[in-house]
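Following: one structure in structure tokens, then a few remarks.
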Amino acid sequence: MRSKSNTILISGLLAGTLDILAAILIYSVILHKTTAEKILLSIASGVFKQHAYTSGAQMMVYGLLLHYFIALAFAYFYYKIYPHVPLLRKNIFLSGSVYGIFVWIVMNLIVLPAVFPKLPSKEFDLPLLISVLILIFCIGIPIAFITKKGYEL
């Protein structure tokens with residue numbers, strides 16, 4: 001077995017990198033809905049509220065660090081439950097997809113409403129589907145794959 005900390009670190013950093021790159025590529029470059037800067041500032045605003053939008057580049061760094069902290073937390077949680085949930089060991093793509101949906105639910109139905117009480121209501125539309133797919137392919141599957149490999153080594 002690879003060391004616990006290495007497995008969590010690698011899976012969390014990879015998932016965090018894939019997730020933020022996907023968000024920037026899709027929402028900023030392809031759809032032109034926002035900018036990379038605003039994405040990072042929005043993440044930072046979870047802690048620093050409106051101050052995040054008036055503090056410049058330092059807040060973008062804080063947003064990126066917070067983003068990686070969250071990704072590492074989800075990697076840690078998956079690693080801890082992996083040996084206790086048989087479904088996670090059966091199929092990487094199935095377990096990664098389920099975990100990506102779980103991450104979406106936690107972030108969008110628990111964390112974000114707790115941090116931002118006045119969020120717009122969610123509708124089942126293309127942006128929602130894109131956000132779920134990003135979490136499946138950029139968070140869930142990479143964490144599932146690396147965790148499985150970590151336990152096998």
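Under the UniProt record's numbering, think of the first position of the sequence shown as 1, with each following residue one higher. Beta carbons: idealized from backbone N, C-alpha and C, even for Gly.
Going by DSSP, residue 76 is part of the alpha helix (DSSP H) stretching over 57 to 81. Here the segment 35 to 54 lies against the segment 62 to 73, with 3 or more beta-carbon pairs under 8 angstroms apart.
Separation of the CB atoms of residue 132 and residue 104 is rounded to 5 angstroms, and the pair is thereby assigned contact status at 8 angstroms.
DSSP, reduced to helix, strand and coil, places residue 123 outside both helices and strands of the structure shown, so it counts as coil.
Apart from the 5 residues on each side of it in sequence, residue 95 sits with its Cβ closer than 7 angstroms to the Cβ of 87, 88, 144 in its chain, given in chain order.
Taking the Cα positions, residue 53 is about 42 angstroms away from residue 91. In the three-state reduction of the DSSP assignment, residue 116 falls in the coil class.
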